[in-house]
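Enquirer: Can you keep this structure in mind? I'll have questions shortly.
There are 2 protein chains.
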Amino acid sequence: MAANSQFSMAVHVLTVLARHEGEKIKSEKIACSVNTNPVVIRRLLGQLAQAELVESQTGAAGGTQLARCPDQITLAEVYGAVSCGEVFALHGKPPDKNCPVGRNIEAVLCNLQKQIDRSVAETLSRHTLQGVLEVIEQERP
Amino acid sequence: MAANSQFSMAVHVLTVLARHEGEKIKSEKIACSVNTNPVVIRRLLGQLAQAELVESQTGAAGGTQLARCPDQITLAEVYGAVSCGEVFALHGKPPDKNCPVGRNIEAVLCNLQKQIDRSVAETLSRHTLQGVLEVIEQERP
DNA sequence: TAAAATGTAACTAAACTTGTTACAGTTATG
DNA sequence: CATAACTGTAACAAGTTTAGTTACATTTTA
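Going down the list, the sequences are from chains D and H. Under numbering that gives the first Met the number 0, the first residue of the first sequence is numbered 0, with each subsequent residue one higher. Under numbering that gives the first Met the number 0, the first residue of the second sequence is numbered 0, with each subsequent residue one higher.
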């Protein structure tokens, strides 16, 4: 189970909201499409709300809707919102500082990590939620 | 603890080997620099050997050395060898196929995943072990 | 005031990574 | 040839993370 599919879920959730722009959607309805528990969805929506990608309303007749038009939400923002963390982890325990490699490798890896993060962000910023929605609508058999 | 630092460890291990080209290095010596257990290193070396990046010799006076020159080993190969898996995971449970989004979202995400993998590989292929080694040697105070 | 929704805390279960011990197999060397 | 010194690998424990679930306080509509 442990594999972090939050980004996948987030894109899914936002796409469902995008298909119903203007409407307020209940967490239970989204959960049904994602095939999970409504609480899992609400937790995820909390993160997306913090990133100001969605807006929720409590109370009866409450629900969630997009905070912006789908063509103004890039997948890079979504990725940043759910903060999947880094692509690879640095050393758990600190390396031996008596060894030249151990002393300097972390800086190298940290730099590498930043390059990869930028590269991933750049790739994702080329996609918008609108683009995803269009593929979905178009691919419907 | 659970965060997959195998790529970091692999780069570390290979850099240590690169610093001693031609010599056979014992897993215990590497483990000392990485600050972990020799068995962890040997497991990692097994993966690197399968990818033909290193060669090990058993028995007394055994050890491991690089299978190629450091300038002919890219970090993309290293990343591939330890197979950290994908940057994000697809859905755990399959989405609801009655919903248009649930029916088609996986294809979209899968495609996205491939794009990101390519992007990461492209970034990493710009770095060689030789390059890492030079930074390490140069940064020594 | 009651019903219906979100927000959130707490707990469980499953999966994964790392660390550790133990031991079989291999090889150099006295 | 016997021993010491390595690698390779299996098996297990411990810690962390994710997802799922239950429960309940809070908010809002009707």
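Backbone N, C-alpha and C define an ideal beta-carbon position, used for all residues, glycine too.
1) Considering only residues of the same chain and omitting the five flanking positions on each side of G101(D), which have a CB-CB separation below 7 Å?
2) Which residues in the same chain as V142(D) place their Cβ atom closer than 7 Å to its Cβ, once the five residues preceding and following it in sequence are excluded?
3) Can you tell me whether S4(D) is buried or exposed, with buried defined as 16 or more other CB within 10 angstroms of its CB?
4) According to DSSP, E54(H) sits in a beta bridge with which residue or residues?
5) Within the same chain, show all residues whose beta-carbon is closer than 8 Å to that of N36(H), passing over the 5 residues directly before and after it, in chain order.
6) Excluding the 5 residues flanking T73(D) on each side, which residues of the same chain have their C-beta closer than 7 Å to its C-beta?
7) Below 8 Å on C-beta distance, what does R42(D) contact in chain H?
8) Under the rule that 16 or more other beta-carbon atoms within 10 Å means buried, what is C98(H), buried or exposed?
9) Alpha carbon to alpha carbon, how far is C68(D) from Q129(H)? Give it in angstroms, no decimals.
10) Using a Cβ-Cβ cut-off of 8 Å (strictly less than) and excluding sequence neighbours within five positions of S82(H), which residues of its own chain qualify?
11) Which same chain residues, not among the five before or five after D116(H), have their C-beta less than 8 Å away from its C-beta?
12) Mark T14(H) as exposed unless 16 or more other C-beta atoms lie within 10 angstroms of its C-beta, in which case mark it buried.
13) Determine the burial state of V38(H): buried for a count of at least 16 other Cβ atoms within 10 Å of its Cβ, exposed for fewer.
14) Which residues of chain H have a Cβ atom closer than 8 Å to the Cβ of S82(D), listed in chain order?
15) Within 10 Å of its beta-carbon, does E138(D) have 16 or more other beta-carbons around it, so buried, or fewer, so exposed?
16) Do V33(H) and H19(H) come within 8 Å of each other at the CB atom, strictly closer than that value?
17) In whole angstroms, what is the alpha-carbon distance linking A80(H) and A120(H)?
18) Going along the chain, which residues of the stretch 90-108 of chain H sit with their C-beta nearer than 8 Å to a C-beta in chain D?
19) Taking C-beta to C-beta, are V134(H) and V107(D) nearer than 8 Å?
Expert: This is what the structure gives:
1) For this step, residue 101(D) is matched to residue 102 along the first sequence. If you ignore the 5 residues before and after G101(D), its C-beta comes within less than 7 Å of the C-beta of P94, D95, all in its own chain and listed in chain order.
2) Given that chain D is displayed from residue 0 to residue 140, the structure contains no residue 142(D) and the question cannot be resolved.
3) On the first sequence, residue 4(D) is found 5 positions in, with the first residue counted as 1. So S4(D) ends up on the buried side.
4) Taking the second sequence and counting its residues from 1, the one referred to as residue 54(H) is at position 55. E54(H) is bridged to Q64(H).
5) In the second sequence, residue 36(H) corresponds to position 37, counting from 1. Non-local beta-carbon contacts of N36(H) in its own chain, meaning distances under 8 Å to residues more than five positions away in sequence, involve A30 in chain order.
6) Numbered from 1 along the first sequence, position 74 holds the residue referred to as residue 73(D). Here the set comprises L123, S124, H126, T127.
7) Along the first sequence, read from residue 1 onward, the residue named residue 42(D) stands at position 43. By Cβ distance, chain H contributes nothing, its closest Cβ being about 15 Å from R42(D), past 8 Å.
8) Counted from its first residue, the second sequence places residue 98(H) at position 99. The residue in question, C98(H), is buried, as its Cβ has 16 or more Cβ neighbours within 10 Å.
9) Sequence index remark: in the second sequence, residue 129(H) carries index 130 (1-based). Sequence index remark: in the first sequence, residue 68(D) carries index 69 (1-based). Distance between Q129(H) and C68(D), taken at the CA atoms: about 47 Å.
10) Residue 82(H) sits at position 83 when you count from the first residue of the second sequence. Same-chain partners within the cutoff: Q46.
11) Counting from 1 along the second sequence, the entry for residue 116(H) is found at position 117. Hits under 8 Å: E85, V86.
12) Stepping through the second sequence from its first residue, residue 14(H) is reached at position 15. Looking at its Cβ environment, which holds 16 or more other Cβ atoms inside 10 Å, T14(H) is buried.
13) In the second sequence, the residue the question calls residue 38(H) occupies position 39. With fewer than 16 other Cβ atoms within 10 Å, it is exposed.
14) Against the first sequence, residue 82(D) aligns to sequence position 83. Those within 8 Å of S82(D) in chain H number zero; the least Cβ separation is about 11 Å.
15) The residue labelled residue 138(D) in the question sits at position 139 within the first sequence. So E138(D) ends up on the exposed side.
16) The count along the second sequence starts at 1 and reaches residue 19(H) at position 20. The count along the second sequence starts at 1 and reaches residue 33(H) at position 34. For H19(H) and V33(H), no; Cβs fall outside 8 Å.
17) Here residue 80(H) is taken as the residue at index 81 of the second sequence, counted from 1. Here residue 120(H) is taken as the residue at index 121 of the second sequence, counted from 1. The straight-line gap from Cα to Cα measures roughly 12 Å.
18) Per Cβ criterion, the list reads H90, G91, K92, P93, P94, D95, C98, P99, V100, G101, R102, N103, I104, A106, V107, L108.
19) Residue numbering aside, residue 134(H) sits at position 135 when the second sequence is read from its first letter. Residue numbering aside, residue 107(D) sits at position 108 when the first sequence is read from its first letter. Going by beta carbons, V134(H) and V107(D) fall inside the 8 Å limit.
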